[in-house]
Structures are given as C-alpha cells and as structure tokens.
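First residue of the sequence shown? That's 1 in the UniProt record's numbering, and the numbers climb one at a time after it.
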Amino acid sequence: MNITGQQVITDHPSVHRRALITWIAVFPTITITLVLIGPMTARTPLPFRTLILTIIVVYLLVPALTETIRRLSARMHS
C-alpha cells in the first residue's frame, strides 16, 4: 500500500519468488552441465570449468529466465 492507502501493484515478482525461480533454473542447469561436460573437462583447471559454466548460465539461461519471469508476472497481473 502507498501513503494514500491504495494498493500498489508492481510489474515484477517479489524478491523471494525471483530467487526461487532462479534457483530452480540454475541448480539443474549446473548439475546437468557438469554431468555432460564433466568427463571432458576433468583435467582442466577449476577456473576454466567455472568459466564454461558461467558462460552457459549467464549467456544462455539468464535471458530465458528473465523472459519467463516477465511472462509469469504479466500473467499474474492480468
């Protein structure tokens, strides 16, 4: 509610909902990626493996996740 007592509707989900959605998306992605590329990168240094995971998560997953959160938010407020 704002100062005048009117309910304020935001265009985005709560911090908790975004955190949950993010965790639900990121955890399986990291797990599956480690299973798939783990054997191929087992001998590479940990920073390089982390870089590969970061590229996958940031450049592939985050844009899709952002769009999903936007759609969910729009659907909840329509």
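Glycine residues also receive a C-beta, built at the ideal position from the N, C-alpha and C atoms.
Pairing Tyr59 with Ala25, the inter-Cα distance amounts to about 14 Å. Of all C-beta pairs linking the region 52 to 66 to the region 26 to 41, three or more are shorter than 8 Å, placing the two stretches in contact. Beta-carbon to beta-carbon, Leu65 and Ile21 are separated by about 7 Å, close enough to satisfy the 8 Å threshold.
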